[in-house]
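Student:
2 protein chains.
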Amino acid sequence: MYELEDFGSFHVGGRLIEVSGEPSRTVAYAPGMEIEYDPNGRFRIEQVYVQYFVPRQRRFEPALVLLHGGGLTGACWETTPDGRAGWLHHFLAQGFAVHVIDNVERGRSGFCAVEGVWDGVPLARTLEEAWDLFRFGHPDDFEARVPYPGQRFPIGHLEQFQRQFVPRWTSTSEAQVHGVSAALERIGPCVMVCHSQGGYLGSRAAAAHPGLVRGLVCAEAAAYPDADGLAAGTGFPWLMLLGDYLDRTERWARGSEAARGCAGEIVRLGGRAEVVELPDVGFAGASHMYMMDGHSAGIAAWLGDWIRSRC
Amino acid sequence: MYELEDFGSFHVGGRLIEVSGEPSRTVAYAPGMEIEYDPNGRFRIEQVYVQYFVPRQRRFEPALVLLHGGGLTGACWETTPDGRAGWLHHFLAQGFAVHVIDNVERGRSGFCAVEGVWDGVPLARTLEEAWDLFRFGHPDDFEARVPYPGQRFPIGHLEQFQRQFVPRWTSTSEAQVHGVSAALERIGPCVMVCHSQGGYLGSRAAAAHPGLVRGLVCAEAAAYPDADGLAAGTGFPWLMLLGDYLDRTERWARGSEAARGCAGEIVRLGGRAEVVELPDVGFAGASHMYMMDGHSAGIAAWLGDWIRSRC
Chain U
149 MYELEDFGSF HVGGRLIEVS GEPSRTVAYA PGMEIEYDPN GRFRIEQVYV QYFVPRQRRF
209 EPALVLLHGG GLTGACWETT PDGRAGWLHH FLAQGFAVHV IDNVERGRSG FCAVEGVWDG
269 VPLARTLEEA WDLFRFGHPD DFEARVPYPG QRFPIGHLEQ FQRQFVPRWT STSEAQVHGV
329 SAALERIGPC VMVCHSQGGY LGSRAAAAHP GLVRGLVCAE AAAYPDADGL AAGTGFPWLM
389 LLGDYLDRTE RWARGSEAAR GCAGEIVRLG GRAEVVELPD VGFAGASHMY MMDGHSAGIA
449 AWLGDWIRSR C
Chain L
149 MYELEDFGSF HVGGRLIEVS GEPSRTVAYA PGMEIEYDPN GRFRIEQVYV QYFVPRQRRF
209 EPALVLLHGG GLTGACWETT PDGRAGWLHH FLAQGFAVHV IDNVERGRSG FCAVEGVWDG
269 VPLARTLEEA WDLFRFGHPD DFEARVPYPG QRFPIGHLEQ FQRQFVPRWT STSEAQVHGV
329 SAALERIGPC VMVCHSQGGY LGSRAAAAHP GLVRGLVCAE AAAYPDADGL AAGTGFPWLM
389 LLGDYLDRTE RWARGSEAAR GCAGEIVRLG GRAEVVELPD VGFAGASHMY MMDGHSAGIA
449 AWLGDWIRSR C
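Chains as they are written, first to last, in this note's numbering: chain U, 149 to 459; chain L, 149 to 459.
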């Protein structure tokens with residue numbers, strides 16, 4: 149049972165681009181529904197979709213903003229591949245008003261289909277890449293689906309997990325930071341939980357809005373703001389929350405080092421930052437996708453406690 | 149206040165495709181996060197995302213399935229451009245368990261980024277095109293934003309409306325019918341409300357699942373199934389629900405004629421079908437996007453009555 153004071157969605161931000169001088173052509177939107185498609189005119193791109201759920205029994209005043217990682221959408225917070233409730237549900241039950249973002253180019257925000265506006269092409273992700281990048285297991289063990297010992301990701305449901313994958317560009321970071329910023333300005337005071345690529349984008353947007361952000365959780369951020377960005381972000385507490393098996397790949401050994409470096413710099417600048425590895429607080433076996441791991445509910449409970457005590 | 153028995157989402161359907169023989173290349177997912185991107189492997193495409201909301205006080209047993217039109221996502225049922233509640237909320241309040249689909253290639257279902265799998269390129273939509281296609285006003289009156297007399301679409305919020313637009317292919321109908329079919333098989337017994345392009349895709353999927361569909365509302369369908377499709381769909385009632393200003397454009401004059409032709413054929417085959425023009429039941433000024441018009445709540449109430457009495 150969920151008692152909601154309100155729920156809904158909105159789109160915010162983006163910009164208009166104009167196309168001119170292109171020839172029109174006949175296309176069929178459905179059998180018999182031919183139209184003369186005119187590719188000229190004003191197109192709106194780079195807006196952001198936000199869906200929100202406000203519980204009747206709200207027990208924390210700032211909004212909670214969930215920002216997905218690369219190649220995923222806000223759907224990653226809604227359900228686990230094996231069909232359990234997602235962090236959206238767990239944080240709602242804890243009394244948070246939860247705002248789920250689909251960042252620029254992802255999900256219900258839509259992508260720019262006008263050629264030449266975004267550099268490069270969208271990249272799709274294979275299960276093979278996810279297996280390594282998300283630390284489910286060693287690449288050599290992919291075909292046999294043998295995970296790292298003690299791994300808690302629902303490995304038996306990888307194909308269902310793959311249905312959540314969407315393509316991603318690698319050239320849209322600035323537009324995405326602007327998109328998240330537009331969302332923050334609309335949402336107001338908030339604590340952000342930002343995963344992977346979202347950790348990089350969200351921490352940049354957070355640092356640019358120190359008056360709105362009450363706390364920032366970088367859930368295995370793919371990168372961190374530069375020195376100027378960090379200097380602007382010392383007014384709220386940071387948590388770098390890392391999973392297990394960090395030393396198994398060179399990439400995540402570096403990622404863990406970057407998290408420590410960033411936290412150290414924030415503290416040096418007079419701010420507050422903690423680095424927590426989930427195995428150290430009772431959650432061994434955490435993958436990069438720990439919001440979907442077998443112990444995801446417990447991790448959400450731990451994280452809710454951290455937010456209530458620090459933010 | 150919304151009391152929900154349950155809510156959540158799932159992805160369903162789609163297929164795996166395999167890519168081989170392509171060179172890998174270095175890409176940066178974030179600053180300092182370079183990876184060797186391997187475009188070979190197995191990619192999952194053409195799945196469908198469904199988000200569902202089950203009210204505590206359920207007053208209608210079959211699920212209600214909402215299927216968006218072309219260039220839009222399930223978000224079109226959530227809010228109006230001027231910020232009023234969408235049909236999702238109105239039908240929930242009427243006691244329906246509402247399932248909102250993002251069809252193949254749209255929104256959180258993701259699109260296929262592997263070249264050569266889908267024909268053609270995605271098309272984006274300008275406001276100019278929407279103005280004419282959605283019958284807000286005469287094309288000559290677009291620049292001055294002068295709508296048809298009595299038009300109830302929130303014309304003052306066209307730019308906000310445009311934020312909901314997403315690109316669409318014109319070559320994916322078969323995959324989309326399969327996607328909706330996979331969703332129906334998962335959802336079970338249902339009544340479908342299918343808008344515009346979704347009216348074409350949804351009616352084809354419905355006719356292919358006569359054992360699951362208890363009723364079908366074609367909300368200004370862009371096209372209808374062929375004779376074989378109609379023959380399979382005589383076991384449930386059809387409603388062709390049309391807006392206002394149908395005689396203002398040749399396209400919608402034809403669309404209205406097609407609706408009457410389809411309904412006549414269903415009746416001839418021994419089935420049940422009604423054609424209703426909204427002005428005839430008290431809703432003059434209805435655009436093609438009547439789920440967003442000023443009287444959208446009243447139309448939802450009328451449609452709920454129709455569903456309860458016929459399905």
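The C-beta atom is built at its ideal place from N, Cα and C for all residues, glycine as well.
Measure from the alpha carbon of L:C342 to the alpha carbon of each residue in L:V202, L:H238 and L:W386, then state which is nearest.
Tutor: As a position in the second sequence, residue 342 of chain L is number 194, starting the count at 1. Residue L:W386 is the option with its Cα nearest to L:C342.
Student: State buried or exposed for L:Q205, treating a residue as buried only when at least 16 other CB atoms are found within 10 Å of its CB.
Tutor: Taking the second sequence and counting its residues from 1, the one referred to as residue 205 of chain L is at position 57. Exposed, because fewer than 16 other Cβ atoms sit within 10 Å of the Cβ of L:Q205.
Student: So for U:L275, helix, strand or coil by DSSP?
Tutor: Here the question's residue 275 of chain U lines up with position 127 in the first sequence. If DSSP states are grouped into helix, strand and coil, U:L275 belongs with the helices.
Student: Between which two residues does the alpha helix (DSSP H) carrying U:D376 extend?
Tutor: Mapped onto the first sequence, residue 376 of chain U falls at position 228. Residues A375 to A380.
Student: For U:P297, count neighbouring C-beta atoms within 10 Å of its own C-beta (all shown protein chains included) and say buried if the count is 16 or more, exposed if not.
Tutor: For the purposes of this step, residue 297 of chain U is taken as residue 149 along the first sequence, with counting starting at 1. The residue in question, U:P297, is exposed, as its Cβ has fewer than 16 Cβ neighbours within 10 Å.
Student: Are the C-beta of L:Y393 and some C-beta of chain U separated by less than 8 Å?
Tutor: Counting from one through the second sequence, the residue named residue 393 of chain L turns up at place 245. Not an interface residue.
Student: Closer than 7 Å by beta-carbon distance: list the chain L residues that pair up with U:Y177, in chain order.
Tutor: One-based indexing of the first sequence puts residue 177 of chain U at position 29. Near U:Y177 (Cβ distances below 7 Å), the residues of chain L are G218, T318, Q345 and A370.
Student: Going along the chain, which residues of its own chain have a beta-carbon closer than 6 Å to the beta-carbon of U:R300, five neighbours each way excluded?
Tutor: On the first sequence, position 152 is the one that residue 300 of chain U refers to. Same-chain partners within the cutoff: G433, D441, G442 and H443.
Student: Check the Cβ-Cβ distances between U:R256 and every residue of chain L, and say whether any is below 8 Å.
Tutor: Position 108 of the first sequence holds residue 256 of chain U. U:R256 counts as touching chain L.
Student: Measure how close the beta-carbons of U:E398 and L:D186 come, nearest whole angstrom, since I'm counting them as under 8 Å.
Tutor: Taking the first residue of the first sequence as 1, we reach residue 398 of chain U at position 250. Taking the first residue of the second sequence as 1, we reach residue 186 of chain L at position 38. Not a contact, Cβ separation roughly 17 Å.
Student: Relative to the C-alpha of L:Q310, which candidate in U:G304, U:Q195 and U:A176 has its C-alpha closest?
Tutor: Taking the second sequence and counting its residues from 1, one reaches residue 310 of chain L at position 162. Among U:G304, U:Q195 and U:A176, the Cα nearest to that of L:Q310 belongs to U:Q195.
Student: Does chain L have any CB closer than 8 Å to the CB of U:F282?
Tutor: In the first sequence, residue 282 of chain U corresponds to position 134, counting from 1. Not closer than 8 Å to any Cβ of chain L, the Cβ of U:F282 fails to qualify, so no.
Student: Would you decide whether U:P373 is buried or exposed? Buried here means 16 or more other CB atoms lie within 10 Å of its CB.
Tutor: For the purposes of this step, residue 373 of chain U is identified with residue 225 of the first sequence, where counting begins at 1. By the neighbour-count rule (16 or more Cβ atoms within 10 Å), U:P373 is buried.
Student: Please list the partners that L:F191 has in chain U, where partner means a Cβ-to-Cβ separation under 7 Å.
Tutor: Numbered from its first residue, the second sequence carries residue 191 of chain L at position 43. Neighbours of L:F191 on chain U, chain order: A272 and T274.
Student: Have a look at the DSSP bridge pairing and note the partners of L:S157.
Tutor: Here residue 157 of chain L is taken as the residue at index 9 of the second sequence, counted from 1. Partner(s): L:Q199.
Student: Taking 8 Å as the threshold (C-beta atoms), are L:V339 and L:I447 in contact?
Tutor: To locate residue 447 of chain L, count along the second sequence from 1; it is residue 299. To locate residue 339 of chain L, count along the second sequence from 1; it is residue 191. For L:I447 and L:V339, no; Cβs fall outside 8 Å.
Student: If contact is defined by three or more beta carbon pairs under 8 Å, each pair taking one atom from either stretch, is the region 170-180 of chain U in contact with the region 156-174 of chain L?
Tutor: No, because fewer than three Cβ pairs between the region 156-174 of chain L and the region 170-180 of chain U fall closer than 8 Å, the two stretches do not touch.
Student: For L:A371, does the count of other Cβ atoms within 10 angstroms reach 16, so buried, or fall short, so exposed?
Tutor: For the purposes of this step, residue 371 of chain L is taken as residue 223 along the second sequence, with counting starting at 1. Looking at its Cβ environment, which holds 16 or more other Cβ atoms inside 10 Å, L:A371 is buried.
Student: In the DSSP assignment, the beta strand (DSSP E) including U:I303 goes from what residue to what residue?
Tutor: Position 155 of the first sequence, counting from 1, holds the residue named residue 303 of chain U. Premise fails: U:I303 is in no beta strand (DSSP E) and is neither H nor E.
Student: From which residue to which residue does the beta strand (DSSP E) around L:H343 run?
Tutor: As a first step, residue 343 of chain L is located in the second sequence; it is residue number 195 there, counting from the start. Taken as a continuous stretch (DSSP letters only), the beta strand (DSSP E) holding L:H343 covers C338 to H343.
Student: Tell me the rounded alpha-carbon separation between L:F284 and L:S435.
Tutor: Within the second sequence, the letter at position 136 stands for residue 284 of chain L. Within the second sequence, the letter at position 287 stands for residue 435 of chain L. So the two alpha carbons sit approximately 6 Å from each other.
Student: Excluding the 5 residues preceding and the 5 following L:G156 in the sequence, name in chain order all residues of the same chain whose CB lies nearer than 8 Å to its CB.
Tutor: The residue labelled residue 156 of chain L in the question sits at position 8 within the second sequence. So the list reads Q199 and Y200, once near-sequence residues are dropped.
Student: Counting only Cβ pairs nearer than 9 Å, list the residues of chain L close to U:A233.
Tutor: Position 85 of the first sequence holds residue 233 of chain U. G156, listed in chain order.
Student: Under a CB-based cut-off of 8 Å, is U:P302 close to chain L?
Tutor: Position 154 of the first sequence, counted from the first residue, corresponds to residue 302 of chain U. It does not; no Cβ of chain L falls within 8 Å.
Student: Within the chosen definition, does the region 311-328 of chain U reach the region 344-356 of chain U through at least 3 CB pairs nearer than 8 Å?
Tutor: Taking 8 Å as the limit for Cβ pairs, the verdict is that the region 344-356 of chain U does touch the region 311-328 of chain U.
Student: For L:V328, does the count of other Cβ atoms within 10 angstroms reach 16, so buried, or fall short, so exposed?
Tutor: As a position in the second sequence, residue 328 of chain L is number 180, starting the count at 1. Buried, by the Cβ-count rule.
Student: Taking Cβ to Cβ, would you say L:R407 is nearer than 8 Å to L:L390?
Tutor: Here residue 407 of chain L refers to the residue found at position 259 when the second sequence is read from its first residue. Here residue 390 of chain L refers to the residue found at position 242 when the second sequence is read from its first residue. Note on identity: in this sequence residue 407 of chain L is Ala, with Arg being the wrong assignment. Yes, the pair counts as a contact, with Cβ atoms nearer than the cut-off.
Student: Please list, in chain order, the chain L residues whose beta carbon lies closer than 9 Å to that of U:D288.
Tutor: Within the first sequence, numbered from 1, the residue matching residue 288 of chain U stands at position 140. Correct list: empty, because the minimum Cβ distance to chain L is about 15 Å.
Student: Could you compute how far the alpha carbon of L:G258 sits from the alpha carbon of U:P270?
Tutor: Counting from 1 along the second sequence, the entry for residue 258 of chain L is found at position 110. Counting from 1 along the first sequence, the entry for residue 270 of chain U is found at position 122. Approximately 11 Å, taken between the alpha carbons.
Student: Quick one: give me the first and last residue of the alpha helix (DSSP H) that U:E413 is part of.
Tutor: In the first sequence, counting from the first residue as 1, residue 413 of chain U sits at position 265. Segment E398 to R416, the alpha helix (DSSP H) holding U:E413.
Student: When you compare only the Cα positions, how much space is there between U:S351 and U:W400?
Tutor: Position 203 of the first sequence, counted from the start, is the residue given in the question as residue 351 of chain U. Position 252 of the first sequence, counted from the start, is the residue given in the question as residue 400 of chain U. Roughly 19 Å separates the two Cα atoms.
Student: Helix or strand or just coil, what does DSSP make of L:H238?
Tutor: Taking the second sequence and counting its residues from 1, one reaches residue 238 of chain L at position 90. Three-state result, L:H238: helix.
Student: How far does the alpha helix (DSSP H) with L:V365 in it extend, from its first residue to its last?
Tutor: Taking the second sequence and counting its residues from 1, the one referred to as residue 365 of chain L is at position 217. Per DSSP, L:V365 belongs to no alpha helix (DSSP H); it is in the beta strand (DSSP E), V361 to A367.
Student: Within the continuous alpha helix (DSSP H) that includes L:E333, where are the two ends?
Tutor: Residue mapping note: residue 333 of chain L aligns to position 185 of the second sequence, counting from 1. Taken as a continuous stretch (DSSP letters only), the alpha helix (DSSP H) holding L:E333 covers S321 to I335.
Student: Round the Cβ separation of U:L332 and U:L360 to the nearest angstrom and send it over; I've been treating them as touching at under 8 Å.
Tutor: If you number the first sequence from 1, residue 332 of chain U lands on position 184. If you number the first sequence from 1, residue 360 of chain U lands on position 212. Rounded, the Cβ-Cβ distance is 5 Å, consistent with contact.
Student: With 7 Å as the C-beta to C-beta threshold (strictly closer), list the residues of the region 194-213 of chain L near chain U in chain order.
Tutor: So the close ones are Q195, Y197 and R204.
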